[in-house]
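Engineer: Top to bottom, those sequences are chains A and B.
Heads up: the first sequence at position 134 corresponds to 133 in numbering that gives the first Met the number 0, and the numbers run straight through without jumps.
Heads up: the second sequence at position 183 corresponds to 182 in numbering that gives the first Met the number 0, and the numbers run straight through without jumps.
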Amino acid sequence: MIEIKKLTKQADNKLILRGIDLSIKKGETVAILGPNGAGKSTLLKVLATLIKPSSGHVTINGYDLRKNQMKIKKMMGYLPHSSLLYDHYSPLENLVFFGNVYGIKNVEQKSIDLVREVGLSFFLHEPVKNFSRGMIQRIAIARAIIHEPPLLLLDEPHTGLDQGAINILNNVILSMKEKGTTTLMVTHDFKQATELCDRIIIIKNGKIVDDFRLEEKKLNLVSEKYQLQVEGVS
Amino acid sequence: MLRAALLLAKKDLLSELKTKQVLATMIIFAGLVILVFSFAFDPANNTTRAVIPGVIWVIIVFAGILGLNRSFISEQRNDTMHGLLIAPMEASSIFLGKFLANFSMIMIVELVSLPFLFLLFDFHILGYFPYFLLVLVIGSFGFISIGTFLAALSANSKSSEMLLPLLLFPVTSPILIGAVQATRIILTNIEKLSSAMAWIQLIAAYDVIFFVLCFILIDYVLEV
Numbered sequence: 000m001i002e003i004k005k006l007t008k009q010a011d012n013k014l015i016l017r018g019i020d021l022s023i024k025k026g027e028t029v030a031i032l033g034p035n036g037a038g039k040s041t042l043l044k045v046l047a048t049l050i051k052p053s054s055g056h057v058t059i060n061g062y063d064l065r066k067n068q069m070k071i072k073k074m075m076g077y078l079p080h081s082s083l084l085y086d087h088y089s090p091l092e093n094l095v096f097f098g099n100v101y102g103i104k105n106v107e108q109k110s111i112d113l114v115r116e117v118g119l120s121f122f123l124h125e126p127v128k129n130f131s132r133g134m135i136q137r138i139a140i141a142r143a144i145i146h147e148p149p150l151l152l153l154d155e156p157h158t159g160l161d162q163g164a165i166n167i168l169n170n171v172i173l174s175m176k177e178k179g180t181t182t183l184m185v186t187h188d189f190k191q192a193t194e195l196c197d198r199i200i201i202i203k204n205g206k207i208v209d210d211f212r213l214e215e216k217k218l219n220l221v222s223e224k225y226q227l228q229v230e231g232v233s
Numbered sequence: 000m001l002r003a004a005l006l007l008a009k010k011d012l013l014s015e016l017k018t019k020q021v022l023a024t025m026i027i028f029a030g031l032v033i034l035v036f037s038f039a040f041d042p043a044n045n046t047t048r049a050v051i052p053g054v055i056w057v058i059i060v061f062a063g064i065l066g067l068n069r070s071f072i073s074e075q076r077n078d079t080m081h082g083l084l085i086a087p088m089e090a091s092s093i094f095l096g097k098f099l100a101n102f103s104m105i106m107i108v109e110l111v112s113l114p115f116l117f118l119l120f121d122f123h124i125l126g127y128f129p130y131f132l133l134v135l136v137i138g139s140f141g142f143i144s145i146g147t148f149l150a151a152l153s154a155n156s157k158s159s160e161m162l163l164p165l166l167l168f169p170v171t172s173p174i175l176i177g178a179v180q181a182t183r184i185i186l187t188n189i190e191k192l193s194s195a196m197a198w199i200q201l202i203a204a205y206d207v208i209f210f211v212l213c214f215i216l217i218d219y220v221l222e223v
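(1) Tell me the rounded alpha-carbon separation between G98/A and P164/B.
(2) What does a CB cutoff of less than 6 Å around L167/B pick up in its chain, not counting 5 residues either side in sequence?
(3) Taking C-beta to C-beta, are M0/B and E74/B nearer than 9 Å?
(4) Could you tell me which chain A residues have their CB closer than 9 Å to the CB of E222/B, listed as they occur along the chain?
(5) Would you mind working out which of I55/B, L31/B and L12/B sits nearest R183/B, comparing C-alpha positions?
(6) Taking its Cβ as the centre, do 16 or more other Cβ atoms sit within 10 Å of Y219/B, making it buried, or is it exposed?
(7) Straight-line CA distance for F61/B to L183/A?
(8) Give the secondary structure of I19/A by DSSP, where H, G and I count as helix, E and B as strand, and everything else as coil.
(9) If you measure from the beta carbon of E89/B to each beta carbon in chain A, is any gap under 9 Å?
(10) Under 7 Å between beta-carbons, which chain B residues line up against Y77/A? List them in chain order, please.
(11) Would you mind stating whether A37/A and R198/A have Cβ atoms separated by less than 9 Å?
(12) What is the DSSP secondary structure of V100/A, counted as helix, strand or coil?
(13) Fully enclosed by the stretch 113-177 of chain B, which alpha helix (DSSP H) runs are 4 residues long or longer?
(14) Please determine, among A86/B, V50/B, L113/B and L67/B, the residue with the shortest C-alpha to C-alpha distance to D11/B.
(15) Just tell me which of L78/A, L173/A, M74/A and Y85/A has its CA closest to the CA of E155/A.
(16) Where do the N-terminal and C-terminal ends of the alpha helix (DSSP H) with H187/A fall, by residue?
(17) In chain order, which beta strand (DSSP E) runs of at least 3 residues are fully inside the stretch 72-146 of chain A?
(18) From the DSSP output, in three-state form, read off L221/B for me.
(19) In the stretch 34-73 of chain B, which residue ranges form an unbroken alpha helix (DSSP H) of at least 4 residues, counting only runs that do not cross its ends?
(20) Is M25/B buried or exposed, if buried means 16 or more other CB atoms sit within 10 Å of its CB?
(21) Grouping DSSP H, G and I as helix and E and B as strand, with all else coil, what is I50/A?
(22) List, in chain order, every chain B residue whose beta-carbon is nearer than 7 Å to that of K72/A.
(23) With L160/A as the anchor, note down where its alpha helix (DSSP H) starts and where it stops.
(24) Closer than 9 Å, CB to CB, is E87/A near chain B or not?
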């Protein structure tokens, strides 16, 4: 699904990504861990077509990231720190707008269903500016998956969420996984990464320093490997 | 491309309908300019007619800048610009959508404020109205298209509200000079219509060249 070869990104004379080589199969759920400033979010932004890489080669589902941006954008759902929602618009108006941009058919009904799915049907017509962080994140999740993307890019999706919103997000990720969606999730939450992901990638100083599969969902294993690579503790 | 642009323009105009922030400010500004000029120049005096073309373009330029400034800055809240950039729409669609919304708003301002101006200064333009309308439309088109592009360029700057006029006035000066001259000839000296047409041709050529340039270059401006 995703093939990354010798990817680098330089900004203001600082090398943020230093030759990333990565291959992710279709349907995999992958967590990207690493300390602040390691380049995790930058990697996600490159894949989301928000940042142009300095060098290297990226293909998503066989499409070159530089040449076939439109095709890649159609198959990708991106959930960053910010909600990407219009404050004065209601959840329905936001989802209908983005649904229309993605060319979704029967977009209004689909938006209503999604808002119901994230548990906010009572707030369908309320402006998003009146919502709490958790409620906004639920609508942001709905926005990211409105076009049922085969690739989901999540940047610290669990940060600042209440337990209800975490459950909804996890259910969305797991149900998308069942449908064969490939998910790439940048996170600092080892527990969520262990529960949701099949594979863990650790990035440090713009390089992948560890890449392992989670055959058993052992939180200790993730913590130990992370400490070994990032904090140098064995 | 056009479909995405229309969706974006519709979104911006609906936003404006909800918030009433930009359009109301633009119309209030236009009204204040007209009122101040009506105090400064005696509408009964014939020389006042010479001031009217300048007043018209002062309203369009400064009210336009108020709208242009907000156009891309409003997309910074919650990083909604990123939402547009990751969506399957070209950067040129974003430019076109923003241009359509800004152009519609300045047209509304002109529609509301100019009749008020003519009424207050007891000015009759019925005979040469089509030419006057043509100058207004192509002058506003050029000013707003370049303004939309430069608003995108300056939006990432901390002092974007100061940067936009600094960039915009030098680049649009040929349009503004042409538009004021053509408006002056049409409103006060219609016998020299051929001179006005020469100015109109200059503005039209400038419009086409810069619209195409903005359309091509916007891809580099909108990169995160």
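For every residue, glycine included, the Cβ atom is placed at its ideal position computed from N, Cα and C.
Structural biologist: Looking at the atomic coordinates:
(1) 36 Å
(2) G146 and L149
(3) no
(4) L49, I50 and K51
(5) I55/B
(6) exposed
(7) 47 Å
(8) strand
(9) yes
(10) I85
(11) no
(12) helix
(13) 128-153
(14) L67/B
(15) L78/A
(16) Segment: none, H187/A is in no alpha helix (DSSP H) and carries neither H nor E.
(17) 75-78
(18) coil
(19) 51-72
(20) buried
(21) coil
(22) I85, A86 and P87
(23) Unbroken run through L160/A: none, as it is neither H nor E.
(24) It should be pointed out that residue 87/A corresponds to His in this sequence rather than to Glu. Interface residue, yes.
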